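Residue numbers (this note's numbering): 1010 to 1679.
Just so it is clear, CB atoms sit at the ideal spot from N, CA and C, and this is done for glycine as well.
Predicted model, so just to flag it, every value in this text is computed and none were measured.
Right, one structure below, let's go through it.
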Amino acid sequence: EEEVERVLVSEHSWRPCPTARRRVRGCLEWVKRQLFRVGEDWYFLFILGVLMATISFTTDVIVTRLHLAHMWLYREIGDIGVLKYLSWTLYPMALAAFSTGFSQSITPYSGGSGIPELKTILMGVVLEDYLAIQNFGAKVVGLTCTLACGSTVFLGKVGPYVHLSAMAAAYLGKMRTTVTREYENKFKQHEMLVAAQAVGVASVFGAPISGVLFSIEVMSPHFAVRDYWRGFFAATCGAFMFRLLAVFNSEQGKAGWAGQTIAALFKSDFKIDFPFHLLETFFFLILGIICGIVACAYLFCQRWMMVAVKKNRLTAKLLATDKPVYTVLVVLLLASITFPPGLGQFMASRLTMKEHLISLFDNHTWGSLVPNASGVAKPGGLWQEWDHPSASIYGTLTFFLLMKFWMLILATTLPLPAGYFMPIFVYGAAIGRLVGEVVALLFPQGLHSEGLPRPIIPAGYALAGAAAFSGSVTHAVSTALLVCEATGHLGHILPTVLAVLVANAISQKNQPSFYDATIIVKKLPYLPPIRTRHIASYRVVVEEFMERRVVALAKGDGFQEVLVALDASADAEYPVVESTGSPTLVGTVSRSQLVTFLQSHEHPQAPQGEKLATVGTLGDDCAIEPIMLQFSPWTSLHQAYHLFQLLKLQRVFVTRSGELVGAVSRAEVR
């Protein structure tokens, strides 16, 4: 019987060509060893960058086609006002409703930006299913429909692509463990997520350097240097692939590769021989102050609107039960205001978000082009959308800023996949353009103390305004480099940095950043930054805010003491001391082990039944984990805060001369 069984097993496991199969398997193992000699992470980071760039480019192509279809429908429908209004409003309403319904029906985590939740994940907080791969498709489809709404809704894609990149990185991390046959490591997963942040920004703007710096400033309070190189490599791959596809898809690229280069995302024709006069630094300083003040007002009103929508009975009910209905109502209002024959004619509403930026970065001075448009202006220039017969350039820009201020805030309440960085980027460019046009009006010959007159370039102010306002809203300085990478112009880097620093100084002093404010409103478990730098804050020590009533167990405790401790608190782990009389901290024991201890022991007063251990102590039957880190009562608040952030801590025990005196969790630090 054993011989027959051995034959059957041999026949069942037999495969054809065993020698060839062994050789092929050996060759594959050799190739894998050779490839992974430099580290397997680099291959997966390359795949991540190329994948996200391809998805970003494909999304842009689809969104462009959908927007062209909308414009074709609007033009071909005739001159009947009612039909034109319906074609302008119903198209984005249908797309936004589908975006909300489709994404929310698959997963509730696909709405919004995604950056606030990623910040909490990188702080060590576990958000279940937020990085699950099934959210990927819902986010991509919903975001595509959101972007196809165009200038009516006026939303971007930076935040969602950071979320998409993080989901792809988490999935690639699982693939890496399968290929390398290793256990999943949370530190490796963290490194992939950090690189994914930079890829998300780089795949949108084609800017690898500022993508890495922006992810460092916005996402991570502490950033390891080794993560910087991984993020830069992945972001460079993504940015290069994105721009390569953009060149290949351009009209010149279709004609042939001769003379083609990887161009900037937002084309500009700045004059670099004399970009700005030194005296203009004063006006760039004023621009930074204006952007900082407007950013504080924007952040305050946006946070107030988020809270008001949740507290209002009608909107709260709609957001809880009928999210598509709320989306349709808001989009109907926004689309009605941007209707081109109505108020939209004063807001350049027929332009897409990219065309808004290209027009605002136009090198010409609009104030001087308007009186002589027939002879000076380019035929069909985008700047002409800002020129209206019954209003001046300054009037249309001012009206755009006033209306878009509350329209952008209202759009952030929509429960659909959307990014909020690009709208504030465009809004800041409009602020800078208005300031530049006013300066050019006041000084038509430019600022000059000697020599030839140098005219004012309003496009440089638009560049600085875009960086200053977006940087002050997100509390980032890297936006100064972002605009330079996106436009390919470095002539205004110094005044742009000055405006960004001034705007950041004002906003960081008075308001939390956009993403921190969203975390506060959503009540996510996140440690807010210590905004004060007063010397008195360094004198605050752990003893002043620690939890003194800590449920602890002794090594000699038995069934009854463990049962009382589990009923007294729901902690994930419990401190273990030497004895009741000598509270010297020796380690911790998990709640699951204590439950197992109770299940394997018999209550002293229980009736005789199944055979369980009647005697036994905690120190004999449970594995006590040693303490790796503990605070003293004199540890400062700043030290505790940085350790919680750096080591992703959840709870730390406080000891005095080795004796347990309290505990500090994220709640106490907050």
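Rounded straight-line distance, which links the Cα of residue j to that of residue i
i: Asp-1050; j: Pro-1432; result: 34 Å
i: Glu-1552; j: Ser-1641; result: 8 Å
i: Met-1061; j: Ser-1516; result: 32 Å
i: Ala-1475; j: Glu-1668; result: 56 Å
i: Gly-1165; j: Val-1227; result: 17 Å
i: Ser-1160; j: Ile-1528; result: 27 Å
i: Asp-1525; j: Val-1316; result: 14 Å
i: Gln-950; j: His-1076; result: Within the shown structure, residues of the chain are numbered from 1010 to 1679, placing residue 950 beyond reach of any answer.
i: Gln-1682; j: Ile-1466; result: For the chain, the structure presents residues 1010 to 1679; residue 1682 sits outside this window and is missing.
i: Gly-1550; j: Thr-1644; result: Before going on, a small fix: residue 1550 reads as Val here, not Gly. Each residue's alpha carbon lies about 5 Å from the other.
i: Ser-1345; j: Glu-1446; result: 29 Å
i: Arg-1463; j: Pro-1284; result: 9 Å
i: Thr-1116; j: Pro-1169; result: 14 Å
i: Val-1059; j: Val-1070; result: 17 Å
i: Val-1576; j: Ser-1609; result: In the sequence on display, residue 1576 carries Asp and not Val. Cα to Cα, the separation comes out at about 18 Å.
i: Leu-1607; j: Leu-1638; result: 28 Å
i: Gln-1113; j: Arg-1558; result: 43 Å
i: Ala-1439; j: Leu-1369; result: 7 Å
i: Pro-1537; j: Val-1604; result: 35 Å
i: Val-1585; j: Gly-1596; result: 5 Å
i: Ala-1110; j: Lys-1531; result: Looking at the sequence provided, one finds Gly at residue 1110 rather than Ala. So the two alpha carbons sit approximately 21 Å from each other.
i: Tyr-1583; j: Ser-1674; result: 13 Å
i: Arg-1545; j: Phe-1348; result: The residue you asked about is not Arg; residue 1545 is Ala in the sequence shown. Going from the Cα of Ala-1545 to the Cα of Phe-1348 covers about 55 Å.
i: Ser-1224; j: Met-1356; result: 32 Å
i: Ile-1633; j: Phe-1554; result: 27 Å
Exposure of residue i, with buried meaning 16 or more beta-carbon neighbours within 10 Å
i: Ala-1676; result: exposed
i: Pro-1388; result: In this prediction, Pro-1388 has a pLDDT of 40, which is less than 50 and means its spatial position is unreliable; what the coordinates show is noted afterwards. Counting Cβ neighbours within 10 Å, Pro-1388 comes out exposed, since fewer than 16 surround it.
i: Cys-1300; result: buried
i: Lys-1518; result: exposed
i: Ser-1358; result: buried
i: Phe-1196; result: exposed
i: Thr-1320; result: At residue 1320 the sequence reads Lys, which differs from the Thr that was named. Exposed, since its Cβ has fewer than 16 Cβ neighbours within 10 Å.
i: Cys-1009; result: Outside the shown range of the chain (1010 to 1679) lies residue 1009, about which nothing can therefore be said.
i: Ala-1264; result: Summary for Ala-1264: the model assigns pLDDT 43, below 50, so the residue's position carries little reliability; its value from the coordinates is reported in the next sentence. So Ala-1264 counts as exposed.
i: Tyr-999; result: Only positions 1010 to 1679 of the chain appear in the structure, and residue 999 is not among them; the question remains open.
i: Trp-1266; result: Low confidence applies here, because Trp-1266 scores a pLDDT of 39, under 50, leaving its location unreliable and the question unanswered by this model.
i: Pro-1426; result: buried
i: Ile-1539; result: exposed
i: Trp-1415; result: exposed
i: Ile-1271; result: Because Ile-1271 sits at a pLDDT of 48, beneath the cut-off of 50, its placement in the model cannot be relied upon, and the point is left open.
i: Met-1184; result: exposed
i: Leu-1323; result: exposed
i: Gly-1035; result: exposed
i: Phe-1002; result: Residue 1002 falls outside the range modelled here, since the chain spans only 1010 to 1679, and no answer is possible.
i: His-1365; result: buried
i: Gly-1671; result: buried
i: Phe-1291; result: exposed
i: Glu-1289; result: buried
i: Cys-967; result: Given a span of 1010 to 1679 for the chain in the structure shown, any question on residue 967 remains unanswerable.
Beta bridge counterpart(s) of residue i as assigned by DSSP
i: Ser-1096; result: Note: Ser-1096 sits in no beta bridge, so no partner.
i: Leu-1341; result: BP columns for Leu-1341 are empty, so no partner.
i: Val-1661; result: Val-1673
i: Ala-1563; result: Val-1586
i: Thr-1593; result: Glu-1668
i: Glu-1446; result: According to DSSP, which records beta bridges pairwise, Glu-1446 is partnered with nothing at all.
i: Gly-972; result: Residue coverage of the chain in this structure runs from 1010 to 1679, which leaves residue 972 outside it and unanswerable.
i: Thr-1645; result: The question names Thr, yet the displayed sequence has Ser at residue 1645. Answer is Val-1550, bridged to Ser-1645.
i: Glu-1634; result: Thr-1597
i: Phe-1640; result: Val-1663
i: Glu-1556; result: Ala-1672
Beta carbon proximity, residue i to chain D, threshold 8 Å
i: Arg-1660; result: You won't find chain D in this structure, because it holds only one protein chain.
Run through the segment 1099-1140 for me and flag every whole alpha helix (DSSP H) of 4 or more residues, listed as ranges in chain order.
As far as the segment 1099-1140 is concerned, its whole alpha helix (DSSP H) runs of at least 4 residues are 1124-1131.
Can you give, in chain order, each stretch of the alpha helix (DSSP H) that sits fully within the segment 1350-1433 and has at least 4 residues?
Segments of the alpha helix (DSSP H) lying fully in the segment 1350-1433: 1362-1369, 1375-1378 and 1402-1420.
Examine the Cβ distances between the segment 1624-1643 and the segment 1561-1571 and report whether three or more of them are shorter than 8 Å.
Flag = yes, the segment 1624-1643 and the segment 1561-1571 touch.
Tell me, please, whether the segment 1085-1097 touches the segment 1126-1145 by the rule of three or more beta-carbon pairs shorter than 8 Å.
By the Cβ rule, the segment 1085-1097 does not count as touching the segment 1126-1145, because fewer than three pairs are nearer than 8 Å.
So, do the segment 1334-1341 and the segment 1104-1120 have three or more beta carbon pairs nearer to each other than 8 Å?
The answer is yes - the segment 1104-1120 touches the segment 1334-1341, with three or more Cβ pairs under 8 Å.
Contact between the segment 1108-1127 and the segment 1369-1377 is defined here as three or more beta-carbon pairs at a separation below 8 Å; is this criterion met?
Pairwise C-beta distances place the segment 1108-1127 out of contact with the segment 1369-1377, as fewer than three of them are shorter than 8 Å.
Evaluate contact between the segment 1198-1208 and the segment 1482-1496, counting only Cβ atoms and requiring at least three cross-stretch pairs below 8 Å.
Short answer: they don't touch.
Tell me whether the segment 1301-1312 and the segment 1507-1514 touch, counting them as touching only if at least three CB pairs, one residue from each stretch, are closer than 8 Å.
Contact between the segment 1301-1312 and the segment 1507-1514 is present, with at least three C-beta pairs closer than 8 Å.
On the three-pair Cβ rule with 8 Å, is the segment 1303-1314 touching the segment 1406-1422?
With a cut-off of 8 Å on Cβ pairs, the segment 1303-1314 is in contact with the segment 1406-1422, counting three or more such pairs.
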